[in-house]
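0 is the number of the first residue of the sequence shown in numbering that gives the first Met the number 0; add one for each residue after it.
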Amino acid sequence: MSLCLASKKMMDNGLGCLATGTIATGIEFLGACLDEHDFHKRGEAEERFKRGIAEFMGKVNPKYLPYNNPKSEFYLYEQLRCGMAHIIRPVGKVVFTGRGDAKRDGLIHLDVFPKYNVLVIVVEDFFEEFAEASERLRKRIPKLTNPKVKGVFLPVREV
């Protein structure tokens, strides 16, 4: 099952927050597909996540790019990816909401809500952008030369 399908099933069953964790680590996977190291190589998470944002998510929605910098007070690697990977919740100044609540409260995906100085991620938008980013990777795979993305046991073609 692809990451997108798993995330979609979670969202359809009221588990949008849990789906964001799959997506956050999925962004790291997108970046990992572009480097020359084995997938299991330690110490690569931050660079891979940042590459996933720069090469995929940021091309779908450029609003990700300012938050792909360690100097940002809303640094996505630290606050989104690490939070979701380690404690299953964002940390710091990143928060989630659904489309209905965002519309009701006047919140916009990837904008800072000034009242609380938090970066808002609208779960449905995040999922749709990840699905588009994953499709961009799928289209690039035939041009990638690293053996790790050609392996018969890597279901990356399903992303």
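In this text, a Cβ means the ideal position worked out from N, Cα and C, and glycines have one as well.
Compare the C-alpha of residue i against each of the options and name the closest.
i: A132; options: I52, T24, G42 and L33; result: I52
i: N145; options: T21, L33 and G25; result: L33
i: T19; options: N116, P69 and A84; result: A84
i: N60; options: Y115, K142 and D110; result: D110
i: F125; options: H36, R41, K62 and K40; result: K62
i: M56; options: E134, L143, K142 and E128; result: E128
i: F95; options: S71, L118, K102 and G105; result: L118
Exposed or buried, which one is residue i when buried takes at least 16 other CB atoms within 10 Å?
i: V159; result: Only positions 0 to 158 of the chain appear in this structure, which leaves residue 159 out of reach.
i: V155; result: Confidence at V155 is low in this model, with a pLDDT of 47, below 50, so its placement is unreliable and no value can be given for it.
i: Y115; result: exposed
Just to check my reading of the structure: residue i and residue j have Cβ atoms closer than 8 Å, yes? What is that Cβ distance to the nearest angstrom?
i: R47; j: A31; result: 4 Å
Within the same chain, show all residues whose beta-carbon is closer than 8 Å to that of residue i, passing over the 5 residues directly before and after it, in chain order.
i: K49; result: G30, N67 and Y76
Report all residues from its chain with a CB closer than 6 Å to the CB of residue i; omit the five preceding and five following residues, and keep chain order.
i: K138; result: none
i: L143; result: none
Determine the DSSP secondary structure at residue i, reduced to helix, strand or coil.
i: I120; result: strand
i: T144; result: coil
Excluding sequence positions up to five away, which residues of its chain have a Cβ less than 7 Å from the Cβ of residue i?
i: R98; result: V121 and E123
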